[in-house]
Structure formats: structure tokens, C-alpha cells
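Residue numbers (full-length UniProt numbering): 1 to 166.
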């Protein structure tokens with residue numbers, strides 16, 4: 001990506017190992033692609049892509065809308081989705097704090113939003129992983145991550161050693 005302004009990033013200098021015809025077509029179809037807005041305790045994505053769909057996976061959105069945590073949503077030009085809402089997240093965090101360190105730690109995945117262009121993935125799509133799409137990326141919400149980090153530092157950590165298989 002390249003920074004166009006302090007609040008705008010572009011894919012102009014995006015480098016990939018697979019610059020094939022599909023990627024070239026995809027890149028020319030993006031237009032302004034999407035707009036990410038933060039305000040009023042919410043993070044909102046708006047689809048601005050010229051002629052392609054944007055696919056979004058947000059655990060926070062899915063919880064609020066009684067969807068499976070890994071549901072992927074298709075956005076057309078002009079569609080918006082609230083991918084994170086502090087007001088919804090706070091009570092969930094409080095419940096996790098009362099439950100365990102591990103429950104709070106698992107909430108870190110809720111601060112990561114996955115986005116792909118043109119092709120969706122997941123249980124309702126042909127592609128099962130975002131890796132199977134022409135182009136995808138993650139949006140990491142630093143504010144909520146820092147919030148969780150402050151809470152985790154105050155909790156008693158598990159007695160067993162954490163590793164990649166725990």
C-alpha cells in the first residue's frame with residue numbers, strides 16, 4: 001500500500017507475486033474501493049468500489065446481528081457496515097473479564113476485520129479462506145487492541161505456559 005494522505009491509503013504500489021490477468025482486472029475495477037470511518041464509538045466501512053463487491057468479516061457485526069462469528073458479508077457500492085461498536089463490545093468484554101484471562105485474550109480476534117475484493121470466502125462461498133481470493137487484507141483496530149492489552153495486563157495470567165498449541 002502507499003499512503004496518499006494521513007487518513008488515506010492506496011493500492012497503487014501494491015506488490016504481489018501473482019500479477020496475473022485476474023489481478024490486473026481486479027485492480028482496474030477498484031476505484032476508491034472503500035472508506036473506513038471512526039466516530040461515535042463505531043468503525044464503519046462503506047463500499048466505494050466502481051464495479052466490484054467488497055466482502056467483509058467482522059465478529060463484532062456478526063454478534064450484533066446474530067450471525068455465526070465467521071460470516072462474510074457482501075457489500076455493493078454505497079453499502080455500509082458497522083464493523084466495530086465500542087458500545088456492543090464493552091458488555092462482552094465485561095462478561096469475558098468475569099470468566100477468564102483466556103476469554104479476554106480470545107477477544108483480540110474481534111479487533112481484526114478481514115476484507116476482500118471481488119470474491120467472498122467462508123461457509124457460504126466456494127472459497128473457504130481469504131487466502132483463496134484474488135486480494136484480501138486485514139484491518140487491525142489499534143484502539144480496541146490497546147484496550148484489551150490494558151485489561152489483560154491487569155488479569156492473572158494462566159498458570160500453564162502459552163504456546164501455539166494451547
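Ideal Cβ positions, reconstructed from N, Cα and C, are used throughout, including at glycine.
Look at residue 114 here: in three-state DSSP terms it is strand. Residue 59 carries a helical assignment under DSSP once its states are collapsed to helix, strand and coil. Exposed is the label assigned to residue 68, since fewer than 16 other Cβ atoms lie within 10 Å of its Cβ.
Nearest C-alpha to residue 43 among 152, 53, 88 and 70: 88. Under the DSSP assignment, residue 74 falls in the beta strand (DSSP E) whose first and last residues are 73-75. For residue 113, the CB contacts under 6 Å within the same chain, skipping 5 residues up- and downstream, are 58, 83 and 139 in chain order. Taking C-alpha positions only, residue 34 is separated from residue 129 by approximately 21 Å. In the DSSP secondary-structure assignment, residue 38 is bridged to 43. For residue 84, the enclosing beta strand (DSSP E) stretches over residues 80-85.
Burial is judged here by how many other beta carbons sit within 10 angstroms of a residue's own beta carbon; residue 116 has at least 16 and is buried. With a cutoff of 8 Å on beta-carbon distance, residue 70 and residue 123 are scored as near each other. From the listed residues 41, 55 and 39, the smallest Cα separation to residue 137 is found for 55.
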